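What follows is a short report on a single structure.
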């Protein structure tokens, strides 16, 4: 589902991430690291739900990397100081920091627009894009670990038994595919080992040849 515009002056076809460097801002590293992204086109990202975290994460990261904004959510962005000393020695608000804060708020708003209602209720205390990202990834990390553990146990428990060879191989393949979706690839050699281990004694000759 297409995301909604998050900036008041955005056109119907674009979300505006107004990241022009402020006129009074310095040209130090904190500003140079922020790319100028005036228009953020709509992207048909999937809404994050309970079962599609890895797909959502991949799509969002690709978009953020394309606009050089991924450091915000990863927490690796260089945050400018909130205040600076002007030429007269007065402590004044740092326009670079204000720009950084604006950029982050717009990004946080866009991230929330890609998340389903059942997950949004867990993000009411999030204040930055990093808060949103870290909360979501922590929430799904434990679930992913449990899913991988369950799938691997099922994979290594597969036996041909009375199944046809076609059905047996299909079961193994489906579990391997599910593990890949869960972010835990099964190598071709491991798949072969699992298949051979689940064959009955009458296939012993195949095991010997394969080994």
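Residue numbers (full-length UniProt numbering): 1 to 211. Using N, Cα and C, we set each Cβ at its ideal position, and we do this for glycine too. For clarity, every value in this text was computed on a predicted model and none was experimentally measured.
Put residue i into one of helix, strand or coil per three-state DSSP.
i           : result
residue 81  : coil
residue 92  : strand
residue 48  : strand
residue 153 : helix
residue 70  : helix
Any Cβ of chain B within less than 8 Å of the Cβ of residue i?
i          : result
residue 66 : Going by chain labels, chain B is absent from the structure shown, which holds only one protein chain.
Excluding the 5 residues flanking residue i on each side, which residues of the same chain have their C-beta closer than 7 Å to its C-beta?
i           : result
residue 92  : 83, 84 and 86
residue 128 : 104 and 108
residue 121 : none
Within its chain, find whatever has a CB closer than 6 Å to the CB of residue i; leave out the 5 residues flanking it on each side and keep chain order.
i          : result
residue 33 : Any reading at residue 33 must be qualified, since the residue scores a pLDDT of 42, below 50, and its modelled position is unreliable; the value itself is stated next. Cβ within range, chain order: 78.
Which two residues bound the contiguous alpha helix (DSSP H) that contains residue i?
i           : result
residue 95  : 95-113
residue 166 : 165-181
residue 191 : 188-197
residue 118 : 117-120
Among the candidates the options, whose CA atom is the shortest distance from the CA of residue i?
i           : options               : result
residue 151 : 173, 63 and 110       : 173
residue 159 : 199, 135 and 74       : 199
residue 113 : 94, 205, 170 and 133  : 133
residue 49  : 148, 116, 124 and 204 : 116
residue 180 : 89, 149 and 135       : 149
residue 138 : 205, 44, 57 and 164   : 57
Looking only at its chain, what residues have a beta carbon closer than 8 Å to the beta carbon of residue i, apart from the 5 residues adjacent to it on each side?
i           : result
residue 35  : Only weak support is given to the placement of residue 35: the predicted model assigns it a pLDDT of 45, under 50, and the value that follows is read from those uncertain coordinates. Closer than 8 Å at Cβ, skipping near neighbours: 19, 67, 68 and 69.
residue 182 : 54, 144, 147, 148 and 151
residue 29  : Below a pLDDT of 50, predicted positions are generally treated as unreliable, and residue 29, at 38, falls in that range; the measurement from the model is reported next regardless. Closer than 8 Å at the Cβ level, and outside the excluded window around residue 29, lie 78.
State whether the region 60-75 contacts the region 189-201, with contact taken as three or more CB pairs (one from each stretch) at a distance under 8 Å.
By the Cβ criterion, the region 60-75 is not in contact with the region 189-201, since fewer than three pairs of Cβ atoms, one from each stretch, lie closer than 8 Å.
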